[in-house]
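Engineer: Protein chains in written order, with this note's numbering: chain A, 29 to 347; chain B, 29 to 347.
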């Protein structure tokens, strides 16, 4: 269990872990899926679905398969993105395409996508399927836009950044919450409150993630730090610094293919001096606050308290 | 239009072509999707869905989006399979990962999967989604099994081969027909007849495809011939020859990584002499006959006649 901050719901998350293992076993790819499930994923998205689904009464029996499918979608996109981005590590392990090969990564990603939709469809609610198909579509668009916009410093704005990380990260977290409310038949107002909580949590999470990519060391992060900078992904601190007089010129020079740790370190210094790291941190806090405010619209109870704890965890995480 | 054998339904197939173009445009990948849609795909699977859906009365409005989504699934699996198999050409063009790169292929495949499920979910019928999610799952399993079983001459049997090509090819063709009947609310008996027609058509199609990979020249095929043999994929003629006294030994020797055109030509001679090409041809005919027999259970009319024509086309194709 890697869910210290969610110890209270360990039994439920264990259901998801078991369901993941059960749904991925004995299918010719045992060794690969066993490796995948060793990774230190925190299963946050499936926790969101379970907590949302259980916020309005007893946990509906559809919640575990849907939460499992949500996690599968997340894993599938990580596996394909790691191939696309050439990532070397993930969740503290060698990335799957490095440990095995790219063919296996493509196949396992597709397998997880397909299995996820088998599970989504199994609960017989077409809104769940429609919602999650749209999520995958938006995530692909986010990844495509990220790839197209590498090194494109001119076209980047804070608005476009938020839209892109919305697609890449926040929509999945928002909809992971919403489908829980859908399964619980909680009504539109509750669904929307869940979505607002999860979407803003996702924005806060991704802004923090992008910040940590610049500031945390590789060992704590579980993946190479400075990787966004090295691959030309323009994140919020950079967008801020590109408008800062006295910093923009040098930052623009540093944003080029083939830079190494020296340039990453220099960029980090400049981003700190320009107040850009601080700015991103304030923006992450802002979205986490919006997320927290959405919780007020939800019924009081242990699940809401746990959703609050996840929010606290995202705000405090340093890895 | 590449659908000479289906000229009578050209207007309907054009709806799918337009819907494909419409659903894939203006999304940051214009150049890539334009290239994809240049390929000489015959749109057989979407034709099956349209013909099935229109077999029981006027074409339901849900048929075009579902037929479009069926074609997208097919294209997505081709794109990913081509990366996995290292294919150089497809539909008479350079394969997408050769023309662009593997990252683009992974992204576009995922994009097509996602968009397909958005369209499947848009018609509001959970059985359609469940059916097609299962198809993708089985197709992934088929591709995984094909990869695991390369060069494994000991474990191959005719039964396993049929099961594998069932997953890879025939289930999609069967379910492409069945969803048409589902959309037309034609009832289980009609759904099953449609599936039996499409599934056996798919088996006949794939056995022929595997045979042509050994016998047709590269130019007519639109992809490199002998590619299965070169990559160790054990198809029906090989399985037959591996049981033929006087041939099995040499065939087994030829089935090794790194063989070239000389060995392919020798294998072709041996397979002809052993009657293995003939055997596969007879098996293809058998399944096409089963497919044709299922048509008798369907209502008479122009759509049934066109389904018959597709069956005739598959039986006669030489490329």
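By construction, the Cβ of each residue, glycine as well, lies at the ideal position given by its N, Cα and C atoms. Predicted, not measured: the structure shown is a model, and the values here were computed from it.
1. Taking Cβ-Cβ distances shorter than 7 Å, what residues in chain A pair up with residue 108(B)?
2. Quick check: the Cα distance between residue 197(B) and residue 156(B), rounded to an integer number of angstroms?
3. Please return the same chain residues whose Cβ sits closer than 8 Å to the Cβ of residue 63(B), not counting the five positions on each side in sequence.
4. Using beta-carbon positions only, say whether residue 184(A) and residue 267(A) come within less than 7 Å of one another.
5. Taking just the CA atoms, how far does residue 117(A) sit from residue 66(B)?
6. Can residue 228(B) and residue 318(B) be called in contact, C-beta distance under 7 Å?
7. Is residue 292(A) close to chain B, meaning its C-beta is less than 7 Å from at least one C-beta of that chain?
8. Out of curiosity, what's the CA-to-CA distance linking residue 61(A) and residue 312(A)?
9. Run through chain B and tell me which residues come within less than 7 Å of residue 168(A), C-beta to C-beta.
10. Using a C-beta to C-beta distance shorter than 8 Å, which residues of chain A count as neighbours of residue 57(B)?
11. Going by CA-CA distance only, name the one from 222(A), 230(A), 218(A), 83(A) that's closest to residue 192(A).
12. Check whether the Cβ atoms of residue 204(A) and residue 73(A) sit closer than 7 Å, and answer yes or no.
13. Residues in its own chain within less than 7 Å of residue 36(B) by CB, not counting five upstream and five downstream?
14. Given a cut-off of 7 Å, decide if residue 226(A) and residue 194(A) are closer than it, judged by their beta-carbon atoms.
15. Three-state secondary structure (DSSP) at residue 121(A)?
16. Candidates 306(A), 100(A), 138(A): which alpha carbon is nearest residue 264(A)'s?
17. Taking 7 Å as the CB-CB cut-off, is residue 162(A) touching chain B?
18. Would residue 293(B) be called buried (16 or more neighbouring beta carbons within 10 Å of its own) or exposed?
19. Taking a Cβ distance cut-off of 7 Å, strictly less, list which residues of the stretch 82-110 of chain B are near chain A, in chain order.
20. Would you call residue 168(B) buried or exposed, if buried means 16 or more other Cβ atoms sit within 10 Å of its Cβ?
21. Check this for me: beta carbons of residue 91(A) and residue 81(A), under 7 Å apart or not?
22. One question on the structure: do residue 275(A) and residue 298(A) come within less than 7 Å of each other, judged by their Cβ atoms?
23. Is DSSP giving residue 188(A) helix, strand or coil here?
24. Of the residues that make up the stretch 148-159 of chain A, which ones have a beta carbon closer than 8 Å to any beta carbon in chain B?
25. Is it a yes or a no for the stretch 173-188 of chain B touching the stretch 148-166 of chain A, going by three-plus beta-carbon pairs under 8 Å?
26. Under a CB-based cut-off of 7 Å, is residue 126(B) close to chain A?
27. So what's residue 83(B) in DSSP terms, helix, strand or just coil?
28. Using 6 Å as the cut-off, classify the Cβ of residue 277(B) as near or not near the heavy atoms of the ligand FAD, replying yes or no.
29. Closest to residue 214(B) by CA distance: which of 84(B), 51(B), 111(B) is it?
30. On a CA-only basis, which of 325(A), 340(A), 45(A) is nearest residue 216(A)? Give me that one, please.
31. Within this structure, are the beta carbons of residue 163(B) and residue 211(B) separated by less than 7 Å?
32. Give me the subset of the stretch 196-223 of chain B whose CB atoms are less than 9 Å from a CB atom of chain A, sorted by chain position.
33. Compare the C-beta of residue 30(A) against all C-beta atoms of chain B and say whether one is closer than 7 Å.
34. Near residue 304(B), which residues of its chain fall below 6 Å by C-beta distance, leaving aside the five closest residues on each side in sequence?
Structural biologist: To lay it out plainly:
1. Working through the second chain from its first residue, we reach residue 108(B) at position 80. Within 7 Å Cβ-Cβ: 134, 138.
2. Position 169 of the second chain holds residue 197(B). Position 128 of the second chain holds residue 156(B). Near 18 Å, if we compare the C-alpha coordinates of residue 156(B) and residue 197(B).
3. Residue numbering aside, residue 63(B) sits at position 35 when the second chain is read from its first letter. Counting only Cβ-Cβ distances below 8 Å, and skipping sequence neighbours, we find 121, 124, 127, 128.
4. Against the first chain, residue 184(A) aligns to sequence position 156. Against the first chain, residue 267(A) aligns to sequence position 239. With contacts defined as CB atoms closer than 7 Å, residue 184(A) and residue 267(A) qualify as a contacting pair.
5. For the purposes of this step, residue 66(B) is taken as residue 38 along the second chain, with counting starting at 1. For the purposes of this step, residue 117(A) is taken as residue 89 along the first chain, with counting starting at 1. Distance between the alpha carbons of residue 66(B) and residue 117(A): 38 Å.
6. Working through the second chain from its first residue, we reach residue 228(B) at position 200. Working through the second chain from its first residue, we reach residue 318(B) at position 290. Cβ atoms of residue 228(B) and residue 318(B): closer than 7 Å.
7. Mapped onto the first chain, residue 292(A) falls at position 264. Judged by the 7 Å Cβ criterion, residue 292(A) is not in contact with chain B.
8. Translated into positions along the first chain, residue 61(A) becomes position 33. Translated into positions along the first chain, residue 312(A) becomes position 284. Going from the Cα of residue 61(A) to the Cα of residue 312(A) covers about 34 Å.
9. Here residue 168(A) corresponds to residue number 140 of the first chain, with the count starting at 1. Those are 135, 138, 139, 142, listed as they occur along chain B.
10. Here residue 57(B) is taken as the residue at index 29 of the second chain, counted from 1. Within chain A, the residues near residue 57(B) are 172.
11. Position 164 of the first chain, counted from the start, is the residue given in the question as residue 192(A). Minimum Cα-Cα distance from residue 192(A) among the listed residues 222(A), 230(A), 218(A), 83(A) corresponds to 230(A).
12. The residue given as residue 204(A) occupies position 176 in the first chain. The residue given as residue 73(A) occupies position 45 in the first chain. Closer than 7 Å, so yes.
13. Indexing the second chain from 1 puts residue 36(B) at position 8. Listed in chain order, the non-local C-beta contacts of residue 36(B) below 7 Å within the same chain comprise 334, local neighbours out to five positions each way being set aside.
14. Reading the first chain from its first residue, position 166 is the one you call residue 194(A). Reading the first chain from its first residue, position 198 is the one you call residue 226(A). Not in contact: residue 194(A) and residue 226(A) (Cβ atoms no closer than 7 Å).
15. Locating residue 121(A) in the first chain gives position 93, where the first residue counts as 1. Strand, per DSSP.
16. Translated into the one-based positions of the first chain, residue 264(A) becomes position 236. Its Cα nearest to that of residue 264(A), the residue 306(A) stands out among 306(A), 100(A), 138(A).
17. On the first chain, position 134 is the one that residue 162(A) refers to. Yes, residue 162(A) counts as interfacial toward chain B.
18. Within the second chain, the letter at position 265 stands for residue 293(B). Note on residue 293(B): under 16 other CB atoms within 10 angstroms of its CB, so exposed under the neighbour-count rule.
19. For the stretch 82-110 of chain B, the set of positions with a beta-carbon nearer than 7 Å to some beta-carbon of chain A reads 108 in chain order.
20. Along the second chain, read from residue 1 onward, the residue named residue 168(B) stands at position 140. So residue 168(B) ends up on the buried side.
21. Within the first chain, numbered from 1, the residue matching residue 91(A) stands at position 63. Within the first chain, numbered from 1, the residue matching residue 81(A) stands at position 53. Going by C-beta atoms, residue 91(A) is nearer than 7 Å to residue 81(A).
22. The sequence position of residue 275(A) within the first chain is 247, counting from 1. The sequence position of residue 298(A) within the first chain is 270, counting from 1. In contact: residue 275(A) and residue 298(A) (Cβ atoms closer than 7 Å).
23. By 1-based counting over the first chain, the position of residue 188(A) is 160. Residue 188(A): helix per DSSP, three-state reduction.
24. The residues in question are 148, 149, 150, 152, 153, 154, 157, 158.
25. Because the criterion of three Cβ pairs below 8 Å is not met, the stretch 173-188 of chain B and the stretch 148-166 of chain A do not touch.
26. Here residue 126(B) corresponds to residue number 98 of the second chain, with the count starting at 1. No, residue 126(B) lies away from the interface with chain A (no Cβ there is under 7 Å from its Cβ).
27. The residue given as residue 83(B) occupies position 55 in the second chain. The answer is coil: DSSP assigns residue 83(B) none of H, G, I, E or B.
28. The model depicted lacks the ligand FAD and carries no ligand whatsoever.
29. Position 186 of the second chain holds residue 214(B). Minimum Cα distance to residue 214(B) is reached at 84(B).
30. Along the first chain, read from residue 1 onward, the residue named residue 216(A) stands at position 188. That would be 325(A), whose Cα lies nearest to the Cα of residue 216(A).
31. Here residue 163(B) refers to the residue found at position 135 when the second chain is read from its first residue. Here residue 211(B) refers to the residue found at position 183 when the second chain is read from its first residue. The answer is no: Cβ separation not under 7 Å.
32. None of the residues of the stretch 196-223 of chain B has a beta carbon lying less than 9 Å from any beta carbon of chain A.
33. Position 2 of the first chain holds residue 30(A). In this predicted model, residue 30(A) has a pLDDT of only 44, less than 50, meaning its place in the structure is not dependable; the value taken from the coordinates is given anyway. Any Cβ of chain B closer than 7 Å to the Cβ of residue 30(A) would place that residue at the interface, and such an atom is absent.
34. Mapped onto the second chain, residue 304(B) falls at position 276. Closer than 6 Å at the Cβ level, and outside the excluded window around residue 304(B), lie 265, 268, 269.
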